[in-house]
Each structure stands twice: as C-alpha cells, then as structure tokens.
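For the protein sequence lines, the chains are A and B, in the order given. Counting in my numbering, the first sequence runs without a single skipped number right up to 227 at its last residue. Counting in my numbering, the second sequence runs without a single skipped number right up to 462 at its last residue. What follows is a short report on a single structure.
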Amino acid sequence: MEAFTTHTGQVAPLDRVDVDTDQIIPKQYLKTIHRTGLKEGLFADWRKLADGSPDPDFFMNQPQYADASILLTRDNFGCGSSREHAPWALLDYGIRAILAPSFAEIFYNNCFQNSILPIVLDSQEIQRLFDHVSAADRFELTIDLAAQTISTPQKSSFQFSIDPFRKQCLLQGLDAIGLTLRREKDIADYEARRKQNTPWLFQDLCS
Amino acid sequence: MAAHTLFDKIWGPHVVSEESDGTTLLYIDRHLVHEVTSPQAFEGLKLAGRRPRRPGATLAVPDHNVPTTDRSAGIADPLSRIQIETLEQHCADFGITLFSMHDVRQGIVHVIGPEQGLTLPGMTIVCGDSHTSTHGAFGALAFGIGTSEVEHVLATQCLIQKRPQTMEIRVDGLVSPHCSAKDMILAIIGAIGTAGGTGYVVEYTGEAVRSLSMEGRMTLCNMSIEGGARAGMIAPDETTFAYIKGRPMAPSASLWTAAVQDWEKLCTDPGAAYDRVVTLQGEDIAPQVTWGTNPGMVTGVDGKVPDPRSFADEETRDATTRALDYMALTPGTPIVEIPIDRVFIGSCTNSRIEDLRLAASYFKGRKVASGVQAMVVPGSGLIKKQAEDEGLDAVFRAAGAEWRESGCSMCLAMNADVLRPGERCASTSNRNFEGRQGKGGRTHLVSPAMAAAAAVTGHFVDIRHWA
Ligand code: SF4
C-alpha cells in the first residue's frame, strides 16, 4: 500500500449528511472485477440532473474543484453497504483525505486499506472549513499525518486525533496481511487449542 | 466472578493476540463470499502468491447478479456473467466450496448460511457484505468487511480489530400480532437514528425479542447496520438450537451435545454492564413505513409525511426537504394515502419461509390491484422449493404476483429486476437510499404483511384494522 505522510491539496465541499455508499458509487459500477478505473462511477447519479445534463451545483462539475484531493463533508459519511468500491472510486478520482464530523465504520476502515486518510473533526471545525471553502475560489489545506495537524493557507493549524496503529500503517504504507502473517505461530497455536475445546468450529464445509 | 455480556463471551475466546493499545488479532471461524466484493481479494492473493489458510472455513455463492427468471439460458448481461464466472474460477483454483447458480441450495448469502447450519452460536462470522449482521441472530459475532479484509481473512483466517462498545436494545412487552420483527427494527432505527449504533455491537433483548422465531430474529439483526451498528446479536436459546439441529453443516451426534452445552453459556450475566442501553415498549410499535431516503426516515402507518419545518436543526430540515423532493411526497400526507406502483417481497431481510407464508396469507383469495406489479423472490432455492411444496406459489400466482428464482433481485437491482424512474415501490428490503432499486425509483420499506396488503389495495393500509 502507498504510504500517506503529508498531503497538500484543494478542498471540495459536499454539504450533505448521511452520504451512503450507494451514492458514492451506484451498483451498476460494481460489476467490475478490478480495483481501478472506478472514477467513472463516482457520485454518478448526483453528477447529473434528471435530464442527463451535468448538475452545475455539484462539486465535480465546477471547474474550480477540478483538481481537488480533499473532500469536506458532513456526518455519517459512507453509511450503508460495505463496498470497497467507494474508496476505490474516490482514490481513482484523486481524493486522498476526507474531513467529516463522523464516518460510518466499514467505510472508515476501508479508507485506511487504501491509503485514504479519513479525519474526524468536530462539527464546528467542519462548519468553519465549509465557510472558508465558500469564501474562496481555491482553498487548500496541508495535512501532516506524523504531526496530526491540518494547516490552512494562513498557516493557522489545528490538531486531529487518530488511532496510533492505523497511523503507523498509513505512515509506513504497511501491508496488513504481511503484518498478520508474522503472527503465524500465534495463529497456529490458537487453532490447535481451539480445536481441542470446540472441535465443531473446525468442521470443514464440504459440498 | 466478573459478570460478562454475550459479546464478551464471544470476543474473548477469539482473541489470538492483543497489543497494549488494544489492537487485537481476532480469529474468524466462518467466512462467506459472494461475487461482487470478492474478485479483487482473490486477485490480490494470487498476485502476492498467497493461499487461503483454511479453504474449508469458507463458503461462496453468487447472489447479487443472478437472474430471478429462467436460468437455463445463462446470464444475458456480460459483466454480470463475468463476475459470476470469476467467482467460480477462483473457488475452483483455491478449493473453496461454491453453491452455483444452478444448485438448489443457492440463495442470498445471509439466507443460506443459517439454512445450511453453517451459522452457529459463539462463532465469529464475516463476509464482504454489510448485512452479515444477520447471522448474529444465532448468538454469533457477525459483521461486514471490505474487500481488503476479505483478502486478509482468506490469507490469515484473522482480522485486525479494536474492541467495539456494547449496546443493549431491549424491547419489553409484546408487539401487536400484525407487527413483525421488521416493524420492530424499523422502529428501533427510527428511535436511535442511522448512526445511533456506530461503534457499538448491539445485543437485542426483552420479551418481544425472545418470543421471535429464528426468521424474525434474523430480520431484526439483519438491519443492525441500518442503525449504524456493524453487528447485532441475540443470545441463543431453545428456539435457536431447535432451528440448527439436523441441518447439513451443523454438528451432529456427540459433537452436537458438546456444542449445545457450550452454547447454553452464551448469555449476558445478570449485572453485566453495557456501554449504552435503549429500551422500547413493544405495544407502542405500529406497522412501520419509511417515507424518506434512509431507513431512519420512518413512521407508523397511522402517521403522516413529516413537515421539514417541524425539525429543529438545519441539517435535518435540509435532509428532509431533499428526501421529500426525491420521494415526490407532500408534507402532511397520511401514509395510507400514498399510492404505489410496484411491490417487492424478498431480500436477506424478508425472504425466508415465514415471510412468504405471512405474505401469502394476505394475498390469499385476493388480487393484486390493477396497475401494480408485485414480485415475490424467495431467499434460496430450498425456500422456493418448500414454498412450492406448501402451495404458496399458487397463492401468489393466483393473486397475480410474480414468483421468481432466488437471489438479491430488486433489493439492489444489480440484475434485471429494476424500478423505472419515478416508480414507487413497497419493498421488504432494507435500504431506501436514492436509486437503490433503480435510478429515480422510490422505495418505502415495510414488512412482508404490509407489502402484500399494499399490493392488493394499491396503497399502504393499516393492517391492524383491515379485514
Ligand atoms: S438481499 Fe440486498 S442487502 Fe441482502 S445481501 Fe443481497 S443486495 Fe445485500
């Protein structure tokens, strides 16, 4: 996995609560067997108006956000389905960090697996950032994961918190499966013990 | 001895190792796989030169993309076909058991696990699918994961987790005979909100929960994720054991006896503390109907479409306005005056035999209203067969409803079963998100009984006062 250390990028606003993964990437884009090329499907139904023309109010159709890499949004972002296609589509479009007051759990996990940094900030801070974004043509932020800071162009900066283990994985771009495989002996010992006490858990499913 | 919750009693024995910061390597007993969220995981394994650690712990089934009409001709959509063929190929390469689209045991992944006796109390169960919470009905810790984690479980039979918090949701008393587990869970989500369960594992307790059949318990746990909780669970009891006994993949003979002895200990001890407790009174729950674009936007059938101005905070007002706009509903409209075009009875929430029996009891001797199209999609091939043995298919057909092959169907509309733009559907599924059942389609979530009654009358009805 690619590491995430610092990132400077333009912020795009998505001022909605409860954005679900069915909106982030609608089901017709889930038929792929690949992880890449999913930006076509990103917010596919919200990009367009009922008549099929681009919705001028949606950030993806506004030229000033063309190179945005930080998404600013509201509570419970990523609720609904577990589809990892949601972070894949965001990443494919170029999003590397998401700022919201809260995230749905599976989506939040899935971001870390794809070196997207989801940052939880309190609602007032999020509101302030929305105000900044609407006041300026371009609004850039710099995120420093090691220092756990976000700084504005005016160089004012504030802290965010993050789980230390997840932070290390992102900073070093660690392969989670590789990490677990280093515990092979623990897993084997565990299995041997459990097989003794609860053998029915180890019945093979045969067809 | 310290008092433990049901969750503690499952989590503890599954900890392989734990770091000082609480990061835990958790052992996974059973892994379910479907065609949509697995191809990239299998491909990742192959690219890294890894093999599944315990192929015998995994069961695969295609369900999301399968046609619900005659399957002998194969799948028309080439992308759907490739996705299913890819699953078959990966399973063959790695020695994973697969129920193919032509196997009578095929069905929705969360329906067939319990049906086969694969889902057992005390287990950890995962699947690349958020409705894995369904399996918690058996007193298992079951939750949905992303595709990277699917790969992780295949390679290591473990997941890296942090211990969640626990929430008790207790439903005291009994619900009206016209209400079902679906109405209970919709009322619960209406009470806690779609993010109310975030960070928690929910245990459902109380008389109304205990008196549910296994089918009802699965419906309840299924929609835990709609309340934000990754997992919901119910302590196993005689109802649970009776359901499991004799199923093909369940333990038998001396293993069965040993297992039941172990399972009888799986309950929350008196005095054990949850991090949060929510209580509802069963008698207060009316048949539920969602009016908006998430499952928390719900009211009793005797209610009205709300006025956005009645909400205090701006975010809720905005979200409600947007939802009513999408749903083409006017504030103040009585729910029973909302006309519908389509009815979908199916999905991992409500496609089990009990759901079909209930729906059939409302269709019996009646006709689907003119202009309404109703579809009944059983959750598995075996349920379909059982329903046909009981003559339920004849009841549906006589009423003018379509009787289909099993699969996810119009819950997600990845196959050919789709709402057309603007169509309004009474659906027994679990998500009423914008476009979920088809772009521009409008979904109202209800119980199977409410869906069947709506099919017959062409609008919602309060089945408590309906002859
Ligand atoms: S029936 Fe619906 S919710 Fe259940 S697994 Fe299928 S698509 Fe998902």
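For glycine and all other residues, C-beta sits at the position ideal for the given N, C-alpha and C.
Worksheet item: Taking DSSP as the reference, what is the three-state secondary structure of B/T325?
Response: coil
Practice prompt. Hey, could you find the ends of the beta strand (DSSP E) B/Y195 is sitting in?
Written response: 195 to 200
Discussion item. Distance check for B/F133 and B/I120, CA to CA, integer angstroms please.
Written reply: 11 Å
Practice prompt. Take B/S125 and list the residues in its own chain whose beta-carbon comes closer than 6 Å to its own, dropping the five residues that flank it on each side.
Written response: G139, I220
Fill in: Cα-Cα separation between A/I182 and A/L119, rounded to whole angstroms
13 Å
Discussion item. Within a Cβ cutoff of 7 Å, which residues of the same chain sit near B/V363, ignoring the five residues on either side of it in sequence?
Written reply: A369, A394, G395, A396, A450, V451
Practice prompt. Throw me the rounded Cβ distance for the B/C153 and A/T200 pair, which I believe falls under 8 Å.
Written response: 6 Å
Practice prompt. Give the straight-line distance between the Cα atoms of B/M322 and A/I90, rounded to the nearest whole angstrom.
Written response: 31 Å
Worksheet item: Does DSSP put A/Q144 in a helix, in a strand, or in coil?
Response: helix
Worksheet entry | Proximity test, B/N425 beta-carbon vs the ligand SF4 heavy atom, cut-off 7 Å | yes
Discussion item. Using a Cβ-based criterion (distance less than 7 Å to any ligand heavy atom), does B/S128 qualify as near the ligand SF4?
Written reply: no
Worksheet item: Of all the beta strand (DSSP E) runs that stay within the bounds of the region 85 to 171 of chain A, which reach a length of 3 or more residues?
Response: 88 to 93, 117 to 120, 137 to 140, 160 to 164, 169 to 171
Item to complete: Counting only the same chain and skipping the five closest in sequence on each side, list residues whose C-beta sits under 8 Å from that of A/E22.
Response: S135, G193
Worksheet item: When you check each C-beta in the region 54 to 70 of chain A against every C-beta of chain B, which residues fall closer than 8 Å?
Response: H54, R55, D65, A70
Practice prompt. With a threshold of 7 Å, establish whether the CB of B/L27 neighbours any heavy atom of the ligand ADP.
Written response: With respect to the ligand ADP, the structure offers nothing, as its ligand set consists of the ligand SF4.
Item to complete: Answer yes or no: the CB of A/I136 versus the heavy atoms of the ligand SF4, is any distance below 7 Å?
Response: no
Item to complete: Under 8 Å Cβ to Cβ from B/H460, same chain only, skipping five residues before and after it: list those, please.
Response: none
Worksheet item: List, in order along the chain, the chain A residues whose C-beta lies closer than 8 Å to that of B/H147?
Response: A196, I197, T200
Item to complete: Could you spell out the range, first to last residue, of the alpha helix (DSSP H) harbouring A/Y210?
Response: 204 to 217
Worksheet item: Does DSSP put B/D167 in a helix, a strand or coil?
Response: strand
Worksheet item: Closest Cβ-Cβ distance between A/I207 and chain B: below 8 Å?
Response: yes
Worksheet item: Any Cβ of chain B within less than 8 Å of the Cβ of A/T218?
Response: yes
Practice prompt. Taking C-beta pairs closer than 8 Å, name the residues in chain B that A/E125 reaches, listed in chain order.
Written response: T193, G194, G223, R225
Worksheet entry | Per-residue DSSP class, three states only, for B/K299 | strand
Worksheet item: If you compare alpha carbons, which of B/S15, B/T64, B/L261, B/T438 is closest to B/I333?
Response: B/T438
Worksheet item: Using 8 Å as the limit for Cβ to Cβ distance, is A/E22 near chain B?
Response: no
Practice prompt. Note down, in chain order, every chain A residue with its Cβ under 8 Å from the Cβ of B/N289.
Written response: D38, D40, C99
Worksheet entry | Sequence-distant residues of the same chain with beta carbon closer than 7 Å to B/W398, five excluded per side | V371, D388, F391, R392
Worksheet item: Counting only runs that start and end within the region 305 to 363 of chain B, where is the beta strand (DSSP E) found for 3 or more residues in a row?
Response: 337 to 340
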